[in-house]
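Here is the structure we will look at, set down as structure tokens.
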Amino acid sequence: MGQINVTKCPIEGPCIIEPKVYRDSRGYFVETYNRRDYENHGFKDDFVQDNQSMSVKGTLRGLHFQIIHPQGKLVRVVSGRVFDVVVDIRGNSKTFGKWFGIELTSDSMKQLYIPEGFAHGFLVLSDVAELSYKCSEFYSPDDEGGIAWNDPEIGIEWPQVSGVYKGSASAEGYVFQEGTALTISQKDQKWQGIKHTFRRG
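Start counting the sequence shown at 101; every next residue gets the next number (the working numbering).
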């Protein structure tokens, strides 16, 4: 029954995926994942873990990656709206350090496919958002890495966020829409910029 439309992103690798949604007076039905459909479009990931998170408005999570065991991801929003971001951290890539962002919503049901070699993060735009994603590698806390969400070398344009970069990933001095506090974990406020995290020889 499933069908998907795939749109390539400006950075080679990530893709926007739109599943076929069947709607009627009762509601809707959608296949959020069908291995055969994805393989027909060239996606060969063996997803081994499903994660789901709930976050309140103004929460920013990221930018995360795994160092030794990188994860491919298939991200979708179950409820609410988020601005989802990927950053190319592939050392031999022509687009190393470039970013791409897209608003994912429960209404559109669009998904973002993220191959291995990308850092990932998102900002919650709605009062509450639930985000679900498949991973091609198991989570390993000892293997976790990250990049500063506000690194000026990358220059992510986070919507509805205003503030001045003060040389670190601290949320101090930043605010979200209408004065809502920007909420970032202590761990995510300690990541360094991409030049310090990846020294290319």
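Each residue gets a CB set at the ideal place from its N, CA and C atoms; glycine is no exception.
None of these values were measured; they are calculated from a predicted model.
Open item on the list: By the DSSP assignment, the alpha helix (DSSP H) with H296 in it spans what residues?
Closed with: Looking up residue 296 in the sequence shown gives position 196. H296 -> alpha helix (DSSP H) spans I294 to T297.
- [ ] Tell me the start and end of each unbroken alpha helix (DSSP H) in the region 118 to 157 that is at least 4 residues and wholly inside, in chain order.
- [x] 135 to 140
Open item on the list: In the DSSP assignment, the beta strand (DSSP E) including Y239 goes from what residue to what residue?
Closed with: Counting from one through the sequence shown, the residue named residue 239 turns up at place 139. Neither: Y239 is in no beta strand (DSSP E) and is coded neither H nor E.
Task: Minimum length 3: unbroken beta strand (DSSP E) runs contained in the region 156 to 242 - done: 160 to 166, 173 to 179, 181 to 188, 199 to 205, 211 to 214, 218 to 224 and 228 to 235
Task: Cα-Cα separation, Y133 to V106 - done: Stepping through the sequence shown from its first residue, residue 133 is reached at position 33. Stepping through the sequence shown from its first residue, residue 106 is reached at position 6. Y133 and V106: Cα-Cα distance of roughly 13 angstroms.
Task: Below-8 angstroms beta-carbon distance, D124 vs any chain D residue - done: The chain labelled as chain D is not found in the depicted structure, where only one protein chain is given.
- [ ] Specify the secondary structure class of G273 as computed by DSSP and reduced to three states.
- [x] Taking the sequence shown and counting its residues from 1, the one referred to as residue 273 is at position 173. Reduced to three states, the DSSP call for G273 is coil.
Task: Sufficient close CB pairs (3 or more, under 8 angstroms) joining the region 281 to 292 to the region 242 to 258 - done: yes
TODO: Along the beta strand (DSSP E) that carries T107, what are the first and last residues, could you check?
DONE: Sequence index remark: in the sequence shown, residue 107 carries index 7 (1-based). It spans I104 to K108 - the beta strand (DSSP E) in which T107 sits, taken as one unbroken run.
Open item on the list: Let me check understanding here. Comparing Cα to Cα, which of Q166, P170, S125 and M154 lies closest to D145?
Closed with: If you number the sequence shown from 1, residue 145 lands on position 45. Checking every option, the nearest Cα to that of D145 belongs to P170.
Task: Close beta carbons around Y128, own chain, < 7 angstroms, minus the five adjacent residues each side - done: Reading the sequence shown from its first residue, position 28 is the one you call residue 128. Correct list, in chain order: V121 and Y122.
- [ ] Starting from A248, follow its DSSP beta bridges and name the residues at the other end.
- [x] Here residue 248 refers to the residue found at position 148 when the sequence shown is read from its first residue. None; A248 has no bridge partner.
Task: Alpha-carbon spacing of V275 relative to F222, whole angstroms - done: Counting from one through the sequence shown, the residue named residue 275 turns up at place 175. Counting from one through the sequence shown, the residue named residue 222 turns up at place 122. The alpha-carbon atoms of V275 and F222 are separated by roughly 16 angstroms.
- [ ] Decide if V177 is buried, meaning its Cβ has at least 16 other Cβ atoms within 10 Å, or exposed.
- [x] For this step, residue 177 is matched to residue 77 along the sequence shown. Counting Cβ neighbours within 10 Å, V177 comes out buried, since at least 16 surround it.
Open item on the list: What does DSSP give as the partner residue(s) for S86 in the beta ladder?
Closed with: Missing from the structure shown is residue 86; the chain here goes from 101 to 301 and no further.
Open item on the list: Are the CB atoms of L160 and T297 within a distance shorter than 8 angstroms?
Closed with: As a working note, residue 297 is residue 197 in the sequence shown. As a working note, residue 160 is residue 60 in the sequence shown. Not a contact, by the Cβ cut-off of 8 angstroms.
Open item on the list: As a quick exercise: from T205, F196 and V187, pick the residue whose alpha carbon is nearest that of S179.
Closed with: Residue mapping note: residue 179 aligns to position 79 of the sequence shown, counting from 1. Cα-wise, what sits closest to S179 is T205.
- [ ] Helix, strand or coil for I116, going by three-state DSSP, please let me know.
- [x] Looking up residue 116 in the sequence shown gives position 16. Strand.
Open item on the list: On the criterion of 16 or more Cβ atoms from any shown chain inside 10 Å, does F238 qualify as buried, or is it exposed?
Closed with: Counting from one through the sequence shown, the residue named residue 238 turns up at place 138. Looking at its Cβ environment, which holds fewer than 16 other Cβ atoms inside 10 Å, F238 is exposed.
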